[in-house]
Amino acid sequence: MLAPAIEGADPNRSDRISANGYEWMSMGMKMGFMSGGRLRGRALLGVSTVALFAVPALAQQNAGTAETGQRPTIAVEESTNPPTAAYESTDVVATGRSVIGQEAVQSRQTGNGDAMELLKILPHVQFSRSQYSTDATDIQDIRPSDISISGGRYYDNYFAIDGVGANSRLDVVDTSGALNPADAYEVAGNHAQSIWVDPSLIGSIVVEDSNISAEYGGFTGGVVDVQTKKPEARWGATVTGNYTSDGMVNFKVSKADRAAYGADLAPKVDFEKYRFGTTLNMPLADRTRVLLAANRSQSKVVYYKTAAYGGTSSPRTSTSDNFMLKAEQDLADDLLLTGQLTYSPYRSEFSSNNRIDDLSRTHGGGLSGYLNLARKGQRDDWSVKLSHTYSDTDREWAPIHYSWSSRSQRGSFCSSTNCSEGGFGDINQQQTDTAIKADWTHRFDSAGTLRLGTEYTRVEAKKERPEDNYAYSRGVVGANIVCNTSLVCIAGDTVLTQYSVYKAYKADVGLNSFNGWSEYNLSWNRFDLRAGLRYDYESFLGNHDISPRLSVATALPWGTTLTLGANRYYSRGFLGYALREKYPDSYTYQREATVSGGRQVYNDDWQLSSYSKTTRYSHSNLDTPYSNEWTAALSAPLPWGSVRVKGILRNNKDEITRKLTADSYSYVNPVTGRTNTYRNYTVSNDGESRYRGVSVEWNGTWRNHSLALNGAWSKTKSNSESYYDPADALEAEGDMVVFEGQLVSEADILARNRRLDFSTPWNVNAALTSTWWEDRITTVLHGRWKADFERIQASGRRTTISGVSYDIWEQRQFDGWLDLGLNVQAKLVETGLGGLTAEARITNLLDALPNTATSASNPYQMGRSIWMGLTYTY
Numbered sequence: 014m015l016a017p018a019i020e021g022a023d024p025n026r027s028d029r030i031s032a033n034g035y036e037w038m039s040m041g042m043k044m045g046f047m048s049g050g051r052l053r054g055r056a057l058l059g060v061s062t063v064a065l066f067a068v069p070a071l072a073q074q075n076a077g078t079a080e081t082g083q084r085p086t087i088a089v090e091e092s093t094n095p096p097t098a099a100y101e102s103t104d105v106v107a108t109g110r111s112v113i114g115q116e117a118v119q120s121r122q123t124g125n126g127d128a129m130e131l132l133k134i135l136p137h138v139q140f141s142r143s144q145y146s147t148d149a150t151d152i153q154d155i156r157p158s159d160i161s162i163s164g165g166r167y168y169d170n171y172f173a174i175d176g177v178g179a180n181s182r183l184d185v186v187d188t189s190g191a192l193n194p195a196d197a198y199e200v201a202g203n204h205a206q207s208i209w210v211d212p213s214l215i216g217s218i219v220v221e222d223s224n225i226s227a228e229y230g231g232f233t234g235g236v237v238d239v240q241t242k243k244p245e246a247r248w249g250a251t252v253t254g255n256y257t258s259d260g261m262v263n264f265k266v267s268k269a270d271r272a273a274y275g276a277d278l279a280p281k282v283d284f285e286k287y288r289f290g291t292t293l294n295m296p297l298a299d300r301t302r303v304l305l306a307a308n309r310s311q312s313k314v315v316y317y318k319t320a321a322y323g324g325t326s327s328p329r330t331s332t333s334d335n336f337m338l339k340a341e342q343d344l345a346d347d348l349l350l351t352g353q354l355t356y357s358p359y360r361s362e363f364s365s366n367n368r369i370d371d372l373s374r375t376h377g378g379g380l381s382g383y384l385n386l387a388r389k390g391q392r393d394d395w396s397v398k399l400s401h402t403y404s405d406t407d408r409e410w411a412p413i414h415y416s417w418s419s420r421s422q423r424g425s426f427c428s429s430t431n432c433s434e435g436g437f438g439d440i441n442q443q444q445t446d447t448a449i450k451a452d453w454t455h456r457f458d459s460a461g462t463l464r465l466g467t468e469y470t471r472v473e474a475k476k477e478r479p480e481d482n483y484a485y486s487r488g489v490v491g492a493n494i495v496c497n498t499s500l501v502c503i504a505g506d507t508v509l510t511q512y513s514v515y516k517a518y519k520a521d522v523g524l525n526s527f528n529g530w531s532e533y534n535l536s537w538n539r540f541d542l543r544a545g546l547r548y549d550y551e552s553f554l555g556n557h558d559i560s561p562r563l564s565v566a567t568a569l570p571w572g573t574t575l576t577l578g579a580n581r582y583y584s585r586g587f588l589g590y591a592l593r594e595k596y597p598d599s600y601t602y603q604r605e606a607t608v609s610g611g612r613q614v615y616n617d618d619w620q621l622s623s624y625s626k627t628t629r630y631s632h633s634n635l636d637t638p639y640s641n642e643w644t645a646a647l648s649a650p651l652p653w654g655s656v657r658v659k660g661i662l663r664n665n666k667d668e669i670t671r672k673l674t675a676d677s678y679s680y681v682n683p684v685t686g687r688t689n690t691y692r693n694y695t696v697s698n699d700g701e702s703r704y705r706g707v708s709v710e711w712n713g714t715w716r717n718h719s720l721a722l723n724g725a726w727s728k729t730k731s732n733s734e735s736y737y738d739p740a741d742a743l744e745a746e747g748d749m750v751v752f753e754g755q756l757v758s759e760a761d762i763l764a765r766n767r768r769l770d771f772s773t774p775w776n777v778n779a780a781l782t783s784t785w786w787e788d789r790i791t792t793v794l795h796g797r798w799k800a801d802f803e804r805i806q807a808s809g810r811r812t813t814i815s816g817v818s819y820d821i822w823e824q825r826q827f828d829g830w831l832d833l834g835l836n837v838q839a840k841l842v843e844t845g846l847g848g849l850t851a852e853a854r855i856t857n858l859l860d861a862l863p864n865t866a867t868s869a870s871n872p873y874q875m876g877r878s879i880w881m882g883l884t885y886t887y
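Just so it is clear: in the sequence shown, position 364 is 377 by our numbering, and no numbers are missing.
Below, the structure is given as structure tokens:
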């Protein structure tokens, strides 16, 4: 809608601004100052805020008006060209493919630099219910979000950067301490993506949720292939900075939590986050182009020790860096050599709130590089790529843990019964992937296109504890303690009389992976056909897997196209079990005092007091998990855009789970001489899941706006949570529970249930991108509505029927919410020396309750939040 010109305006002036755009910006700025800023980051925050407010003022400056004394003119007019769509999905054969272009990436990205959040616009992509958690550890974590595609688990997607796989083969689920930074045996740096990049380095993101080409394998979820920016044939540079803090977040407390926890609530989390980076394009010669880039994201969160440990503050940081060097050399007009090196280390600090001197640092990310030689001809295209990826998920921690009695002088630093100090030692964990791949495309005159490809990958995983680590405990306190040793013994005060040793070990596991694929595309009469076949072999499981892929599209009246697809996808090998098989056994030693003249004399005469073998995992003759998929899509043109209705049906079989019971094996205990047993769990193919999804999508443009709008219904069921859980049917076999006053089988209830996380049944997504004032201002209004849903689960209560006690299960309501966000980018200055853009990125614009989990120690939920930033472009 056009606003009237200001009185006294010069009709010949070209300065224009959108009234609606300015109104949105003003509202965004007001939201940004809900509780003040920080000293650090205030300069960036203040400059960018003033800059956004100053856009209209800059437009008013005109030498002519200064001479005549006339008031400046602000006329309102839309831009003439529509902006790039939030995503493109127009291929009638590859109906599951969506492409998010570079312009959409830069305008739609959120302030936190999580590229996966760009996928919220896609109907068959689900995010965790805990994504907006205000827990301090979640706010500190700045790694990409976990996602589920078409019902697959978040670790069953295939991630790639420029076609190079970036997938962890290690343990990434929160089971058995795998993601707990305080665990003595495991590291917390693992992530489903072994390598990731900042959105500022992304040229496009290709997402495949169904009807996926035979080119891709190693998944039962979906494919996310991130294409980094290409070096440009002109000199250019960018510098960018973004900032947020707890002062720019409105923390909310629900009425129920306020009633439950009272007025004296726990303190809110205290944090700051930064993002800054730079890129440099260098055309070194006519045929040589180079791109250099460096980015850093950092979070700083203040933790507090418990009252027993003094309640002191304990700030911790997480840092994610991206350094990229990419070069292109035109060896000939049709021959291109590309080389890329990406270094993306991640570091995160942790300290327990009930321990001192225990700062640990976990690592993530790593190094990835490739060389690619590609030729494009009139009939034939081919490429050969050599790549290497190194992922580092090490842990650095103090080598010894002490548990002192608080009655001693040595343990007087806390008021608990026992006071903890130190850590549980370093653990090194790495994964390397070295691959060579080749593909060839031939275009026949009138008989379609043939594509062939093959790839060999060597995967090596290593986990080691480089030295023995110790945990001392069982303190004795007394003035009569005499030490004939300096080891955890303080004369006249205290001595520790027991220790457990975490033995040094080194576990190495490797596998060879080979695949070959072919695909034929043909257009004939009213039909478009894509038929593919893929072969996969991995030495770890030793299976030969063949995946047929078929997609057929036919033209119907009125420009409508019907596409049917039938496909099979195989997953990839998981190495976590194999590494755990090699964990060393457990040893505990004790010592006793020698009493002499009323004195307790302690020496180094430690005696083995207990010994146990660790739980083992074994597997043999396992099949590769797979997914059978059937899909149908109907595409049609509409005024100002196009519409597509799509249905996906998937049945996943042979998923990896753990057997419910373990086999017991005997061994002679060297301490007691008695025969003991240890457990050996068997890994099985008892897991299965299924996905049903239907979506309606509309993409279109009108004047200076582009709109992507879609909605989806889906239902995901699975009989296990992860590869460390037993199948539900086995776990619940024979168990009866009370539901709605009736005795029913627990297995029957579990079969009716949907998956709890990554499984919202109804969602509606929208992204409205608008350009104003001759493209000087870009606004993106994006939202996702998630519906309420119900799930049957244990209530924590029990009842007695006929003298037998049973668990009570009940229907629980999980509330939905509307997640609405707003991005504003305003070009302040554009000269021959470059341009300056101010930006604000607002999350949860409506300040709604996201319905995340709360507790007495953290009753808060994430309300409206804002990032502010500036970008200079040359």
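The beta carbon of each residue, even a glycine, is placed where N, CA and C say it ideally should be.
Note that the structure is a prediction, hence the values are computed from the model and not measured.
| Asked | Found |
| --- | --- |
| Integer-rounded CB distance, given that N556 should sit under 8 Å from T467 | The pair is not a contact, with the Cβ atoms about 18 Å apart (cut-off 8 Å). |
| Rounded separation between G809 and I821 - CA only | 7 Å |
| 3-residue-minimum beta strand (DSSP E) runs that sit fully inside the stretch 465 to 544, ordered along the chain | 482 to 490, 494 to 496, 507 to 515 and 518 to 537 |
| Other residues of its chain near W798: CB distance less than 6 Å, five sequence neighbours each side excluded | V777 and L831 |
| Distance between beta carbons of T108 and A646, contact taken as under 8 Å | 4 Å |
| Reduced DSSP category for A807 - H, G, I as helix; E, B as strand; rest coil | strand |
| Whole-Å CB distance - L399 paired with I449, under 8 Å assumed | 5 Å |
| Three-state secondary structure assigned by DSSP to R368 | coil |
| Pick from D299, D394, S536 and A195 that is closest to T454, judged by C-alpha positions | D394 |
| Simplified DSSP state of G589, which is helix, strand or coil | helix |
| Complete beta strand (DSSP E) runs within the stretch 104 to 174 (minimum length 3 residues, chain order) | 110 to 113, 138 to 140, 160 to 162 and 171 to 174 |
| Cutoff 6 Å; reference Y550; Cβ partners in own chain excluding five residues on either side | F527 and H557 |
| Coil, strand or helix - G436 by DSSP | coil |
| Contiguous beta strand (DSSP E) assignments of at least 3 residues, all confined to the stretch 412 to 463 | 413 to 418, 431 to 435 and 441 to 456 |
| Inter-stretch contact (C-beta, 8 Å, three-pair minimum) for the stretch 133 to 142 and the stretch 151 to 171 | yes |
| Exposed unless 16 or more other CB atoms sit within 10 angstroms - verdict on A76 | Low per-residue confidence applies at A76: pLDDT is 36, beneath 50, and the placement is therefore not dependable, though the value from the model is reported in the following sentence. Exposed is the call here. |
| Per-residue DSSP class, three states only, for A307 | strand |
| Rounded Cβ spacing between Y518 and G438 (contact assumed at less than 8 Å) | Between G438 and Y518 the Cβ distance is about 12 Å, and since that is not below 8 Å, they are no contact. |
| Among G377, T574, R166 and G275, the one whose alpha carbon lies nearest that of D222 | R166 |
| Straight-line gap, Q122 to I134 (C-alpha atoms, nearest Å) | 11 Å |
| Euclidean distance between Cα positions of G3 and R585 | No answer is possible for residue 3: the residues shown for the chain start at 14 and end at 887. |
| Cross-strand partners of W880 (DSSP beta bridge) | R854 |
| In chain order, each beta strand (DSSP E) run of at least 3 residues that lies wholly inside the stretch 554 to 614 | 556 to 568, 574 to 583, 599 to 603 and 607 to 609 |
| Of the residues E734, A298, D788 and L662, the one placed nearest R716, counting alpha carbons only | D788 |
| Residue interval of the alpha helix (DSSP H) (run including D343) | Taken as a continuous stretch (DSSP letters only), D343 belongs to no alpha helix (DSSP H), being part of the beta strand (DSSP E) at S326 to A345. |
| R671 versus V707: straight-line alpha-carbon distance, rounded | 32 Å |
| Beta-carbon proximity of S772 to T729, cut-off 8 Å | yes |
| Check whether S310 and I155 have beta carbons under 8 Å apart | yes |
| Nonlocal neighbours in the same chain, by C-beta distance under 6 Å from L781, ignoring five residues either side | L720 and L794 |
| According to DSSP, residues forming a beta bridge with Q826 | E803 |
| Cβ pair S361, D371 closer than 8 Å | no |
| DSSP state of S213 mapped onto helix, strand, coil | helix |
| Per-residue DSSP class, three states only, for G275 | coil |
| Distance between beta carbons of I669 and P638, contact taken as under 8 Å | 6 Å |
| Own chain, CB closer than 6 Å to F172, minus 5 neighbours either side, in chain order | A179, N180, Q206 and V237 |
| For K389, three-class secondary structure by DSSP | strand |
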